[in-house]
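Peer 1: Take a look at this one; I'll ask things after.
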Amino acid sequence: MEEKTQSDITIRIQKESDLKDYSENFFIDLKNIKNIGNYEIITELETQGGQADIFLVKNKNQQHFVLKLYKKNVDINNLAINKVIELSRIYPQYFLKIYELNYEPELQRYYEVQEYIEYGNLEEFHKKILYKDLNYSLIDKIIYKINEALNILHSNGIIHRDLKPSNILIRNIIKSNNKITDLELVLSDFNISALIDISITKKMTQDIKGTILYLAPESFSNIVKKESDYWALGIILYELLTNCNPFQNINVNLIIYTLLTKGIEIPNNLPLKYQLLLKGLLQTNPDKRFTYNQVKEILNAKTDQELTKIYEKYFKDTQNNTNNLKTIIKYNNKEYYSIENLLVEFIRDYESFLSGLEFFKTKDFENLLSQTDKEIIKKIYSYGVIDDIAFSLFLSYKLNLPFSLYNIQINSQNITSIIDKYLDKIELSPSEHKILNLIKNIFSNNSQNLEKYYNIYANITNKIDPKLETFFNNLSKINFYNQKNISIDNILRFVLILSLTDKKKYILPKGLNNFNIFEYNLSYNIPVISYIIERSEIDYLNRIYILPYEVKNLANASIRDYIQIVSWLKNNKDDLILKKDITISRDISIKEYEVLKKKVLQQKIKTPTSSQRVININPIEFNKLVIINRLLMENNLRDNELNYYLNNPQNLNWQIYDRIYKRNIKKLVDVIYSKNRRFRIPSSLIVLFFLSIFSCLFLGIGFFVCRNPFTFLYMFGWNYEYLYSCLFGGIFLVFLIPLIVSPFIISDLLFYRNISKEKIQIELENRIDMEAKRNLR
6 MEEKTQSDIT
16 IRIQKESDLK
26 DYSENFFIDL
36 KNIKNIGNYE
46 IITELETQGG
56 QADIFLVKNK
66 NQQHFVLKLY
76 KKNVDINNLA
86 INKVIELSRI
96 YPQYFLKIYE
106 LNYEPELQRY
116 YEVQEYIEYG
126 NLEEFHKKIL
136 YKDLNYSLID
146 KIIYKINEAL
156 NILHSNGIIH
166 RDLKPSNILI
176 RNIIKSNNKI
186 TDLELVLSDF
196 NISALIDISI
206 TKKMTQDIKG
216 TILYLAPESF
226 SNIVKKESDY
236 WALGIILYEL
246 LTNCNPFQNI
256 NVNLIIYTLL
266 TKGIEIPNNL
276 PLKYQLLLKG
286 LLQTNPDKRF
296 TYNQVKEILN
306 AKTDQELTKI
316 YEKYFKDTQN
326 NTNNLKTIIK
336 YNNKEYYSIE
346 NLLVEFIRDY
356 ESFLSGLEFF
366 KTKDFENLLS
376 QTDKEIIKKI
386 YSYGVIDDIA
396 FSLFLSYKLN
406 LPFSLYNIQI
416 NSQNITSIID
426 KYLDKIELSP
436 SEHKILNLIK
446 NIFSNNSQNL
456 EKYYNIYANI
466 TNKIDPKLET
476 FFNNLSKINF
486 YNQKNISIDN
496 ILRFVLILSL
506 TDKKKYILPK
516 GLNNFNIFEY
526 NLSYNIPVIS
536 YIIERSEIDY
546 LNRIYILPYE
556 VKNLANASIR
566 DYIQIVSWLK
576 NNKDDLILKK
586 DITISRDISI
596 KEYEVLKKKV
606 LQQKIKTPTS
616 SQRVININPI
626 EFNKLVIINR
636 LLMENNLRDN
646 ELNYYLNNPQ
656 NLNWQIYDRI
666 YKRNIKKLVD
676 VIYSKNRRFR
686 IPSSLIVLFF
696 LSIFSCLFLG
706 IGFFVCRNPF
716 TFLYMFGWNY
726 EYLYSCLFGG
736 IFLVFLIPLI
746 VSPFIISDLL
756 FYRNISKEKI
766 QIELENRIDM
776 EAKRNLR
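This is the structure in structure tokens:
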């Protein structure tokens, strides 16, 4: 989400803050924080999350400041900010005063103390005042001051990288005759600034940073140049003059395509000065883009003649392209001058994608394609893909887009976001849901998966995404095929945690704490960890229970040891030894812990008198609960309430005992009943089985006699009585016995269904009672 900092807000002292954001994620309740460093918090300022929480604070002298408390997962460019602090002292008229950049150890977060600006930012000023009365003189002064500030930054080796109206603050508004004549502007928000040698182009290895509406075309390739700031200046000027952003409410893919191919169309109804500035600042080629000298030269021009000379100087060789010779394509009552222009219509959103998909399947679409395009589509289909994937890949190829499916760019951020939303049960869009299924198919060994489609994209475009290459390579080294009882959700959760930049929330095995599945290659195969424990959970358990040293040193365990230790902890969480029950002088292993646990349990059974003085149940009943708990564990069942009262018998009374006893007896009866039912066969069914065998025997003899009676009579000395007996017996057993036995079978089944649970309960209660008395003795 786009960051909203002090510069994005109108300060309202009385407004209460919404602190839901990261307090839940990092277990810090900001509502309870009164001071940060040497500053007292007055209120939190309105923000929409992003990279920092913003507070209005005061020092001991009651001076007001703005404190920017960075999130834990934000990388702070200390060198750039410290240099800006130095520049703000030298050039206070151009830069927001930053008094302090420090680290708060208790919160484990960096914070920055800035001057308090009460007039808001340029974005708000434009929306509330400037757009109502377009003041060219004031716009000239705004652009002039921003240009001077950028020149100072660039001369000192700093590139802002996130220049936008909300980061340009208004320190003061100057009026004359009740009319605004000038603004004191200062640049702010340097936390993602790049401190590099600005005389060269530098390929940044980190993710694209900045607000996408103001990003220069080269930024999408992670190229950082000083000219990128001047592109943002051009967009700001465009907004001031037209009251809109050229990319507002447009799909990201469409923005990228427009930047990389067509560029931004300059309105021809503007004064020549601003047409020149926009044409120069919004050059897609950074080497041809206007910078400080050209902007200053145009702003200093006084007449149209001077501006015309400047135009001829920089744009003498520019020719206007016409579409007269191009074939006009008609679709949905609109005209397009190339297939690329038509395809742009299909990458706006998911609905437009579906519309394009239907057109993609038609003969009319095929007739628009060149022979090369037809060969590319044929090549895509040769991999056995479905229509919507083929269309997505063709769009990426034809419009020179990054790898995208269903109009969603497939990169590390979007993959992580989709998995995170799914696991948090946040509703996914149709396109996100399709991509999620393609991710899941990787883990279910389905050939129609995201990795396959990325390989097709790389094959037809000759482009690779290093992060996706690393991601898919790492997935091949995660062993999830041969593991039993590992759900897809568990695998996704494991992948999500490995993709996090900041994993301080979790305790991970040795070697995985600083690993990022998109950044680094695994050097060996690893199994899926189906349950990763949170640091807060261990801290909580360690405060109340005695823990084995393997659990305490979980972060130093190998992956396989980690899985075994966490599995033990899950299975024994309800049976851990309370610190108040026993004191130990040294750390003990899991093996020693099991022995100690049995001793503590036996001690509780043998000495129930302390509980008896407090509660109104006798030791036998308490022993019954202990035995029931053991039987539950043997059947992989848990009752948290039962465990609580076993560990806190002083809170137990007869009403609670009766409720817990009955509930768990019913649980055990159901388990025993289901186990017995799988093996027991009613006796009537056994009788029917043997009678059926005899009936088949007699009937077989009968058929044999009918086919060859002479052989049969010869065997029994021509005695016809045997012949009749076999025939009659076979017919009787086959047709009459099932009718006779059926009522017995039905009654036996009904009897078994209704009576067996009662018998099991009686036997179970007798067994528990006898064992409880024996333990007491």
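The opening position of the sequence shown corresponds to residue 6 in the numbering used here, with each subsequent residue numbered one higher.
Even glycine gets a Cβ: it sits at the ideal position worked out from N, Cα and C.
Just so we're clear, the structure is a prediction, and the values are computed from it rather than from any experiment.
For the pair the stretch 387-403 and the stretch 356-372, tell me if three or more CB-CB distances fall below 8 Å.
Peer 2: Here the stretch 387-403 makes contact with the stretch 356-372; the two share three or more CB pairs at distances below 8 Å.
Peer 1: Can you tell me the Cα-Cα spacing of isoleucine 147 and asparagine 140, whole angstroms?
Peer 2: 11 Å
Peer 1: Can you tell which of Pro514, Pro553, Gln68, Tyr427 has its C-alpha closest to the C-alpha of arginine 498?
Peer 2: Tyr427
Peer 1: With DSSP as the reference, label histidine 159 as helix, strand or coil.
Peer 2: Secondary structure at histidine 159: helix, using DSSP grouped into helix, strand and coil.
Peer 1: With a CB to CB cut of under 7 Å and the five nearest residues on each side skipped, what residues in its chain are close to lysine 445?
Peer 2: Ile493
Peer 1: Should the stretch 588-601 be regarded as contacting the stretch 655-670, the criterion being three or more beta carbon pairs within less than 8 Å?
Peer 2: no
Peer 1: Threonine 186: buried (16+ other C-beta within 10 angstroms of its C-beta) or exposed?
Peer 2: Residue burial is scored here from C-beta neighbours: threonine 186 has fewer than 16 other C-beta atoms within 10 angstroms and is therefore classed as exposed.
Peer 1: Does DSSP put lysine 509 in a helix, in a strand, or in coil?
Peer 2: coil
Peer 1: Quick one: grab the DSSP three-state call for asparagine 1.
Peer 2: Not covered by the structure: residue 1. The range shown for the chain is 6 to 782.
Peer 1: Go ahead and pull the three-state DSSP assignment for tyrosine 411.
Peer 2: coil
Peer 1: Tell me the DSSP bridge mates of glutamine 119?
Peer 2: Val71, Ile103
Peer 1: Counting Cβ pairs, one atom from each stretch, are 3 or more of them under 8 Å apart for the stretch 160-170 and the stretch 216-232?
Peer 2: yes
Peer 1: Using DSSP with H/G/I as helix, E/B as strand and the rest coil, what is threonine 186?
Peer 2: strand
Peer 1: Check the DSSP bridge columns for tyrosine 336 and list the partner residues they point to.
Peer 2: Lys339
Peer 1: Unbroken beta strand (DSSP E) runs of length 3 or more, entirely within the stretch 365-428: which are they?
Peer 2: none
Peer 1: When DSSP labels each residue in this structure, what does glutamate 270 get in the three-state scheme?
Peer 2: coil
Peer 1: In this structure, what does DSSP give as the bridge partners for lysine 231?
Peer 2: DSSP output for lysine 231 lists no bridge partner at all.
Peer 1: Can you check DSSP and say which residues form a bridge with threonine 48?
Peer 2: Under the DSSP definition of a beta bridge, threonine 48 partners with Leu61.
Peer 1: Please check the pair lysine 73 and glutamine 119, which I expect to be a contact at CB under 8 Å, by giving their CB distance rounded to whole angstroms.
Peer 2: 6 Å
Peer 1: Anyone know if the C-beta pair for asparagine 780 and asparagine 577 falls short of 9 Å?
Peer 2: no
Peer 1: Is glycine 389 buried or exposed, if buried means 16 or more other CB atoms sit within 10 Å of its CB?
Peer 2: exposed
Peer 1: Exposed or buried, what is leucine 406 when buried is set at 16 or more other beta-carbons lying within 10 Å of its beta-carbon?
Peer 2: buried
Peer 1: Taking glycine 3 as the reference, which of Leu188, Ile240, Asn87 has the closest Cα?
Peer 2: In the structure as shown, the chain begins at 6 and stops at 782. Residue 3 is therefore absent and cannot be evaluated.
Peer 1: From this set, Lys307, Ile333, Asn298, which residue's C-alpha is nearest tyrosine 319's C-alpha?
Peer 2: Asn298
Peer 1: Do you know how far the Cα of phenylalanine 70 is from the Cα of asparagine 43?
Peer 2: 12 Å
Peer 1: Which of the three DSSP states is assigned to leucine 275 in this structure?
Peer 2: coil
Peer 1: What are the boundary residues of the beta strand (DSSP E) that isoleucine 175 is part of?
Peer 2: 173-181
Peer 1: So who's on the other strand from tyrosine 108, going by DSSP bridges?
Peer 2: Bridge partners of tyrosine 108 according to DSSP: Tyr115.
Peer 1: Is the stretch 94-102 in contact with the stretch 123-141, if contact means three or more CB pairs nearer than 8 Å?
Peer 2: no
Peer 1: Between Ile491, Asn521, Ile512, Asn484, which has its C-alpha nearest leucine 501's C-alpha?
Peer 2: Here the closest residue by C-alpha is Asn521.
Peer 1: Between alanine 560 and leucine 513, which are expected to be in contact by the criterion C-beta below 8 Å, what is the C-beta distance as a whole number of angstroms?
Peer 2: 7 Å
Peer 1: Could you work out which residue in Tyr116, Ile543, Glu270, Leu647 is closest to asparagine 40 when comparing CA atoms only?
Peer 2: Tyr116
Peer 1: Tell me which residue opens and which closes the alpha helix (DSSP H) that lysine 472 is part of.
Peer 2: 471-480
Peer 1: Between which two residues does the alpha helix (DSSP H) containing lysine 575 stretch?
Peer 2: Element bounds for lysine 575: 564-577.
Peer 1: Check whether the Cβ atoms of isoleucine 271 and leucine 283 lie closer than 9 Å to each other.
Peer 2: Yes.
Peer 1: Tell me which residues share the same chain as tyrosine 598 and place their Cβ nearer than 7 Å to its Cβ, disregarding the 5 neighbours each side in the sequence.
Peer 2: Pro553
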